[in-house]
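Asker:
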Amino acid sequence: MAHKRKVANLLGLAVLSTLFERPMHRYEIATVLRERGKDRDMSIKWGSLYTVVDNLTKHGLLEITGTDRDGARPERTIYHITPAGREELADWTRDLLRTPQSGAQPFVAGLSVAAVLAPDDVVALLDERIVTLCATIDSDAATLTEAATHVPRLFLIEDEYMLAMLRAELDWVSSLRDELVASSFPGIDRWRRMHRDGFNPQEVPESH
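Convert by adding 7 to the 1-based position in the sequence shown; the result is the number in our numbering.
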């Protein structure tokens with residue numbers, strides 16, 4: 008079950024996932040996030056980046072490991088993810104993948120950083136999501152069927168739409184889960200190797 012996080016802004020998730028690869032300064036973090044289109048995966052207010060990094064550091068999820076300088080420019084602080092930060096990143100990602108929430112963005116955010124978990128872990132989380140989706144679909148379909156006996160369809164079309172979206176999500180999640188189980192997902196061998204031998208950002212299968 009999802010719980011209250013010390014830093015709940017999804018930008019924090021994006022920062023942790025970026026520093027999971029290697030230490031960086033804040034400008035480099037922003038550059039990597041932009042290059043990977045993370046602002047399409049989650050709502051990112053770029054002006055909040057420094058505050059989010061400071062909050063992650065204050066709560067022990069990041070630590071300062073030094074500084075660097077590019078020519079005559081001011082020194083830039085280098086940040087490194089801590090063991091607690093790695094645990095938070097993994098736990099946060101698990102919550103986003105396993106638990107359906109209001110709107111698509113939380114799940115999209117979880118999918119965008121799924122590489123921080125091993126494929127078999129992702130399969131188990133998708134299995135949990137599928138169970139929840141099936142139960143929700145059954146309940147919502149029964150409610151809609153009962154309502155249709157006395158409410159004009161004109162006033163139920165939004166419920167029809169939401170039910171259709173849930174069914175579409177279930178189909179897609181089930182398909183992804185089956186690809187992972189069958190090892191037919193492109194790049195899955197590299198993904199497994201990352202978690203067996205150690206994370207290497209050059210090994211990450213491209214997602215955009």
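Yeah, the Cβ is synthetic: ideal placement off N, Cα and C, and Gly gets one too.
Keep in mind that this is a model prediction, so the values were computed, not measured.
1. If you reduce the DSSP assignment to three classes, tell me which class R41 lands in.
2. Restricting to Cα atoms, I'd like to know which of R160, A131, D166, L20 is closest to T143.
3. If you draw a straight line from the C-alpha of A154 to the C-alpha of A148, how long is it?
4. Which residue wins for smallest C-alpha separation from R43, given the options V120, L140, L132?
5. How many angstroms separate the CA atom of V14 from the CA atom of L96?
6. Pick out the complete alpha helix (DSSP H) segments inside the stretch 50-75, 4 residues or longer, and give them in chain order.
7. In this structure, does DSSP put R47 in helix, strand or coil?
8. Excluding the five sequence neighbours on either side, which residues of its own chain have a C-beta within less than 8 Å of the C-beta of R174, listed in chain order?
9. Could you check where the beta strand (DSSP E) with R83 kicks off and where it finishes?
10. Please say whether M31 and I71 have beta carbons closer to each other than 9 Å?
11. Could you tell me the distance, in whole angstroms, from the CA atom of A122 to the CA atom of T156?
12. In whole angstroms, give me the CA-to-CA distance for F162 and Y168.
13. When the Cα atoms are used, what is the spatial distance from N62 to T150?
14. Along the alpha helix (DSSP H) that carries D166, what are the first and last residues, could you check?
15. In the DSSP assignment, what are the bridge partners of H32?
16. How is the alpha helix (DSSP H) around K157 delimited, first residue to last?
17. What is the DSSP secondary structure of A111, reduced to helix, strand or coil?
Answerer: In terms of the structure at hand:
1. DSSP places R41 in helix when its eight states are reduced to three.
2. If you compare the alpha carbons of R160, A131, D166, L20 with that of T143, the shortest gap goes to D166.
3. Distance between the alpha carbons of A154 and A148 is about 10 Å.
4. Among V120, L140, L132, the Cα nearest to that of R43 is on V120.
5. Annotation: V14 to L96 spans about 11 Å, alpha carbon to alpha carbon.
6. You should have 56-65.
7. Residue state, collapsed to three classes: helix.
8. I144, listed in sequence order.
9. From DSSP, the beta strand (DSSP E) with R83 extends over 83-88.
10. Between I71 and M31, the C-beta gap is not smaller than 9 Å, which leaves the two residues out of contact.
11. The straight-line gap from Cα to Cα measures roughly 46 Å.
12. One C-alpha to the other measures close to 12 Å.
13. Cα to Cα, N62 sits roughly 43 Å from T150.
14. Its alpha helix (DSSP H) spans residues 164-188.
15. Per DSSP, I85.
16. In the sequence as displayed, the identity of residue 157 is His instead of Lys. Per DSSP, H157 belongs to no alpha helix (DSSP H) and is neither H nor E.
17. Three-state result, A111: coil.
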